[in-house]
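Written below as structure tokens is the structure these notes are about.
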Amino acid sequence: MIEVATITNQECIFRLRPEWEALWQRDPAATPFQSPAWLFAWWRFFGTPDPLVLTARVGGEVVGILPLYLLRESGCRKLLPIGVGLSDYIDALVDPGEPATVDRLIAAIA
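First residue of the sequence shown: 4, per the working numbering; consecutive thereafter.
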């Protein structure tokens, strides 16, 4: 069973890095723009106080990550992918053996 959680605390997101790295290494289609190294560096320079990172787990193992953040401007709120504007590829990172994870991550933000 896929369990989805929302992480909004920056410290908790940084602690997720080893699992994020392991997931990135498992996906042969993953791009450098989905790596924690790229996205954490982007976050240090462009991040807001409002990260919103969704994780999907099966049996406690991370099988999906959807890195987003909330941007508040001009009286509105926008939910944007971390890395927007400088990344050539922005998408959820999902274990190739768990394709249903994408649907669960998207449903969690709907």
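A virtual CB, placed ideally from N, CA and C, is assigned to each residue, including glycine. Owing to the predicted nature of the structure, the values given are computational and were not obtained by experimental measurement.
| task | State the beta-bridge partners of Glu6 as determined by DSSP. | result | The count along the sequence shown starts at 1 and reaches residue 6 at position 3. Its beta-bridge partners are Arg60.
| Relative to the C-alpha of Leu108, which residue among Val65, Ser90, Leu74, Arg75 is closest? | Residue numbering aside, residue 108 sits at position 105 when the sequence shown is read from its first letter. Ranking Val65, Ser90, Leu74, Arg75 by Cα distance to Leu108 puts Val65 first.
| query | Quick one: is Gly86 buried, meaning 16 or more other Cβ sit within 10 Å of its Cβ, or exposed? | reply | By one-based count along the sequence shown, residue 86 stands at place 83. Result: buried.
| said: If we require 4 or more residues per run, which alpha helix (DSSP H) segments fall completely within the stretch 26-50? | reply: 39-49
| said: Less than 7 Å separating the Cβ of Trp27 from some heavy atom of the ligand MG? | reply: Within the structure as shown, the ligand MG is missing, as the structure has no ligands at all.
| task | Kindly indicate which three-state DSSP category Ile93 falls into: helix, strand or coil? | result | If you number the sequence shown from 1, residue 93 lands on position 90. DSSP places Ile93 in coil when its eight states are reduced to three.
| Grouping DSSP H, G and I as helix and E and B as strand, with all else coil, what is Ile85? | If you number the sequence shown from 1, residue 85 lands on position 82. Of the three classes helix, strand and coil, the one that applies to Ile85 here is coil, per DSSP.
| message | Let me check understanding here. Comparing Cα to Cα, which of Trp27, Ala25, Phe43, Thr34 lies closest to Ile16? | response | Counting from 1 along the sequence shown, the entry for residue 16 is found at position 13. The candidate whose alpha carbon is nearest that of Ile16 is Phe43.
| Can you tell me whether Thr11 is buried or exposed, with buried defined as 16 or more other CB within 10 angstroms of its CB? | The residue given as residue 11 occupies position 8 in the sequence shown. Burial call: exposed.
| Are the stretch 72-85 and the stretch 18-35 touching by the rule of at least three beta carbon pairs closer than 8 Å? | no
| said: Closest to Gly50 by C-alpha separation, out of Leu19, Arg75, Ala32, would be which residue? | reply: The residue labelled residue 50 in the question sits at position 47 within the sequence shown. The candidate whose alpha carbon is nearest that of Gly50 is Arg75.
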